[in-house]
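In case it helps, my numbering puts the sequence shown at residues 1 to 236.
C-beta atoms are modelled at their ideal positions from N, C-alpha and C, and glycine is treated no differently.
Computed from a prediction, not measured in an experiment: that's the story for all the values here.
Working notes, structure below.
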Amino acid sequence: MDPVIIMPDNVAEAVRRAPNWKSPGLNGLHHYWLTGFVVCHAVLARHFQDALDQKSLPSLFTTGITQLVPGPIKCLPTIYKILTFILSARITRHLNSNQVMSRAQNGCRCGGRGIKEPLLIDAVIGKVVKCNRWNLSAVWIDYKNAFDSVPHTWLKRFLELYKVNCKVRDFLGQCMGQWSTILCHLGKRMTAAENHIRIRRGIFQGDCLNPIWFCLSVPYWRVPGGNFSFGKEVQK
């Protein structure tokens, strides 16, 4: 993977692609303000590059807020999400150029439709099979607590195996060691500021890097080649 050089244009693209009013992290900063204050993009790019070169990031940016609602969600700091968006774009480019990601994982690619794509494929295949009265064999893999189950050592190892830039690997490894969260319910913090809950297993969820990172960590889902001598061809 080529060295990562972060430019103001990269920051501007990350800010432009982010929702304006999505829940912020501890700093309370919404993307909307970064969209308007374009003069800060060059400053952010410079500090991002310094953080990447020094392989460290202040703990404020690696601490999330977990909202205790049905299906708890983690709100990450805006600055952290912008930086991981830039790194995710570079890692994705590296993976695509070397054909690492399987076509079956299109839902996790940049610009993909997430879970909508496999649902649409399942619906089309089901309809075609029913209309033609074919037999159908299918397998679904249920990965319990998927993002919370991957060991950090496993995440680091696969970045190395797929030859992600060493600076990016070391930086993400350092951030991983700082990952923590605080609990919040109905707008009130339930965890003291100094008593953060450390995340010692699983992926820090809430940014665009975590789906790609997770897919890299479960290579046994991928089937090399993808060309089979059995099955039916679905017409366009």
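Under 7 Å between C-beta atoms of residue i and residue j
| i | j | result |
| --- | --- | --- |
| N27 | P77 | yes |
| S237 | C208 | Residue 237 falls outside the range modelled here, since the chain spans only 1 to 236, and no answer is possible. |
| I203 | F147 | yes |
| F85 | A138 | no |
| L68 | H185 | yes |
| S56 | Q235 | no |
| Q49 | I6 | yes |
| C75 | G25 | yes |
| H41 | P19 | no |
| K129 | L120 | Here residue 129 turns out to be Val, not Lys, going by the sequence shown. Against a cut-off of 7 Å, the Cβ pair of L120 and V129 comes out as no contact. |
Strand pairing of residue i, partner residues [DSSP]
| i | result |
| --- | --- |
| P151 | R201 |
| H185 | K188 |
| Q67 | I73, C184 |
Closest Cα partner of residue i within the set the options
| i | options | result |
| --- | --- | --- |
| I73 | S217, I182, E233 | I182 |
| P118 | N132, M190, I141, F214 | I141 |
| P3 | K163, W213, M176 | K163 |
| A12 | K127, M1, Y32, W21 | Y32 |
| I199 | I65, N20, R46, I121 | I65 |
| R169 | I91, N195, M101, V234 | I91 |
| Q54 | K167, W213, R189 | K167 |
| L52 | M190, E233, N165, W213 | N165 |
| R201 | N195, M190, F214, R189 | F214 |
| G177 | L29, T62, A45, R46 | T62 |
| I82 | R17, K232, L172, P211 | R17 |
| L161 | Q205, P70, N98, N132 | N98 |
| L44 | W21, N10, P70, L60 | N10 |
| W134 | K232, L29, W21 | K232 |
| N210 | G187, M190, V150 | V150 |
| R93 | M190, G187, M1, N195 | M1 |
Expected contact under 8 Å - CB spacing of residue i and residue j to nearest Å
| i | j | result |
| --- | --- | --- |
| I197 | S180 | 6 Å |
Q: May I ask you to verify whether the stretch 35 to 46 touches the stretch 153 to 168, counting CB pairs closer than 8 Å and requiring at least 3?
A: no
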